[in-house]
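For the sequence shown, my numbering assigns the number 24 to the initial residue and increments by one for each residue that follows.
Report on one structure; see the data block that follows.
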Amino acid sequence: MRKVQLGLRENAGLFSILVLMSAFVGAMVGFERSLLPELTKNWSVSEMEATLIMVAVFGLSKAIANLFTGKLIAEIGRKRTLLLGWAMALQAPLLLLHSADSALIIAANIALGLSQGFTWSTTVIMKIDIVGLKHRGTAMGLNESAGYVAVGASAAFAAYYAESTGLIAPILYTAIGIVFIAFLFAVFVIPETLPWVALEAKQHVESSLNENKKSVFYATTFGDPSLRTITWAGVVNNANDGILWAVLPSLLLASGESLTTVGILTGIHASIWGLGQLFTGPLSNKGNIRRLLMWGMIMQGMALIGIRNFPLLWLPYIVLGFGTAMVYPTFLVGISNHSHPNWRPQALSTYRFWRDMGYVFGALIGYIALQMNAPEAAFIGIAALTLLSGGIFRYSTLK
Numbered sequence: 024m025r026k027v028q029l030g031l032r033e034n035a036g037l038f039s040i041l042v043l044m045s046a047f048v049g050a051m052v053g054f055e056r057s058l059l060p061e062l063t064k065n066w067s068v069s070e071m072e073a074t075l076i077m078v079a080v081f082g083l084s085k086a087i088a089n090l091f092t093g094k095l096i097a098e099i100g101r102k103r104t105l106l107l108g109w110a111m112a113l114q115a116p117l118l119l120l121h122s123a124d125s126a127l128i129i130a131a132n133i134a135l136g137l138s139q140g141f142t143w144s145t146t147v148i149m150k151i152d153i154v155g156l157k158h159r160g161t162a163m164g165l166n167e168s169a170g171y172v173a174v175g176a177s178a179a180f181a182a183y184y185a186e187s188t189g190l191i192a193p194i195l196y197t198a199i200g201i202v203f204i205a206f207l208f209a210v211f212v213i214p215e216t217l218p219w220v221a222l223e224a225k226q227h228v229e230s231s232l233n234e235n236k237k238s239v240f241y242a243t244t245f246g247d248p249s250l251r252t253i254t255w256a257g258v259v260n261n262a263n264d265g266i267l268w269a270v271l272p273s274l275l276l277a278s279g280e281s282l283t284t285v286g287i288l289t290g291i292h293a294s295i296w297g298l299g300q301l302f303t304g305p306l307s308n309k310g311n312i313r314r315l316l317m318w319g320m321i322m323q324g325m326a327l328i329g330i331r332n333f334p335l336l337w338l339p340y341i342v343l344g345f346g347t348a349m350v351y352p353t354f355l356v357g358i359s360n361h362s363h364p365n366w367r368p369q370a371l372s373t374y375r376f377w378r379d380m381g382y383v384f385g386a387l388i389g390y391i392a393l394q395m396n397a398p399e400a401a402f403i404g405i406a407a408l409t410l411l412s413g414g415i416f417r418y419s420t421l422k
């Protein structure tokens, strides 16, 4: 029987498997990002409009899944929620293998978004369950690093393979293989982590917050100053990622750049974002949460301005990736540190709901800019919002 104790080293084996699961989740997103232009090239709308639709649909479905993850975890447990997520993930490549119809492509995108919400949220919560407070930042850095390095690597691979061979099916079969491996791990290796939650709860004072979904949702969104500030910065962060995802590839392709170039630049951003968290995650263990979030958002804002002006220089992508690396694990640590173990899954689910709604807001900003016949303006708008968000952290009382 597995001994229940909190800590990163004490749970190294289980933690490593959960990190691998995050990498699997990230790989599925990377495939999606690189294949979108190819999948939607025959649609009746423009390529950029098609991508904006796909990003918005993905963000909305993932956000909804995130919101319900906390409720599902409370009702059926973490392990079963994880299995549900991987069962949904399987639908995306299966649908894409059998039809190029736009409705089925959108359905596959919805399935992928729902699976992302359930799988990534659940693995994050399970890692937080087992490591305890002391190494939470390190744990989130490792988690997010694995996920986004996988996004970058799979995006670059998929773009190169699709362009060099003209084939998409082998990429989709690879995705199916990943789902089956992840499902086997979830069934036979990964335990339910509630015993770790009970152990940590004994170390906390009783929470004054009424532990129902409505009050946790309100506290995370509006009520608690620390939770609220982090949550809305997360919205802005994913809005700028949504614009980068939806608008920039179309601009590059329209200017004559290759799909491989788009995949490489996506890979640079995602890989720096992922690898950087190996260093920024542990920093949040030392009480640097406010400064990490402030400077991370400011770096992102400046990089977005640089990308708008010099889309093929690598430096802005590196700066943007590292700025995102500063905030991404820190958001999760901040939410976790300001919530009780008994209602932490609901707080994290609420934060991740709003954060992934950022993709929808980003797509909306991109659409408005497109209707104004000035898609580059989307970068100006989101850069301003990102810089403003960084400034808000300067005057927050977040610890």
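For every residue, glycine included, the Cβ atom is placed at its ideal position computed from N, Cα and C.
In this text the structure is predicted, and so the values were computed from the model without any measurement.
Check	Outcome
Closest Cα partner of H292 within the set M77, V174 and F402	V174
Under the three-state DSSP convention, the category K94 falls into	helix
Anticipated Cβ contact below 8 Å, A179 with G286, distance rounded	5 Å
Backbone CA spacing between R314 and R375 [nearest angstrom]	21 Å
Ranges of the alpha helix (DSSP H) found wholly within the segment 169-223, counting only runs of at least 4	192-211
Proximity winner among N65, I40 and V80, relative to A269 (alpha-carbon distances)	V80
Contacting residues, own chain, Cβ-Cβ under 8 Å from H405 (five flanking each side not counted)	At residue 405 the sequence reads Ile, which differs from the His that was named. Taken in chain order, the residues that qualify are V259, A262, N263, I266, L327, G385 and I388.
Alpha helix (DSSP H) segments (min. 4 residues) lying fully within the segment 238-303	248-269 and 271-277
Cut-off 8 Å between Cβ atoms - residues of its own chain near L105, not counting five sequence neighbours on either side	M44, F141, T142, T145, T146, M149, A209 and I213
Pairwise C-alpha distance: E215 and K102	5 Å
Beta-carbon gap between G316 and T353 smaller than 8 Å	First, the amino acid is wrong: residue 316 is Leu here, not Gly. Contact flag set, yes.
Span separating the alpha-carbon of L107 from that of I99	10 Å
Within 8 Å, strictly: CB atoms of A176 and G53	yes
Residue of Y390, T420, L207 and A169 minimising C-alpha distance to Y351	A169
L29 and L165 closer than 8 Å at C-beta	no
Backbone CA spacing between V69 and L250 [nearest angstrom]	Inspection of the sequence shows that residue 69 is occupied by Ser rather than by Val. Looking at the two C-alpha atoms, the distance is approximately 39 Å.
At least 3 beta-carbon pairs within less than 8 Å: the segment 190-204 vs the segment 356-373	no
Where N166 sits in the DSSP three-state scheme	helix
Backbone CA spacing between F211 and S84 [nearest angstrom]	28 Å
DSSP state of L43 mapped onto helix, strand, coil	helix
Limits of the unbroken alpha helix (DSSP H) element including H121	R101 to H121
Beta-carbon proximity check, S57 vs A182, cutoff 8 Å	yes
Buried or exposed (CB count within 10 angstroms, at least 16 for buried), R159	buried
A392, buried or exposed, once every other Cβ within 10 Å from all chains shown has been counted against 16	buried
Residue nearest to S307 in terms of C-alpha spacing, selected from L355, G329, G200 and M322	L355
Beta-carbon separation (whole angstroms), A185 vs I194, contact threshold 8 Å	7 Å
Coarse secondary structure for P352, derived from DSSP in three states	helix
Alpha-carbon spacing of A400 relative to G324, whole angstroms	14 Å
Integer-rounded CB distance, given that P218 should sit under 8 Å from V27	4 Å
The alpha helix (DSSP H) enclosing V147, as first and last residue numbers	S125 to V154
Span separating the alpha-carbon of A407 from that of T347	16 Å
Closest Cα partner of I321 within the set P398, I415, S294 and W296	I415
Contact set for G357: own chain, Cβ-Cβ below 6 Å, skip 5 residues either direction	I253 and I312
Span separating the alpha-carbon of I133 from that of Y382	13 Å
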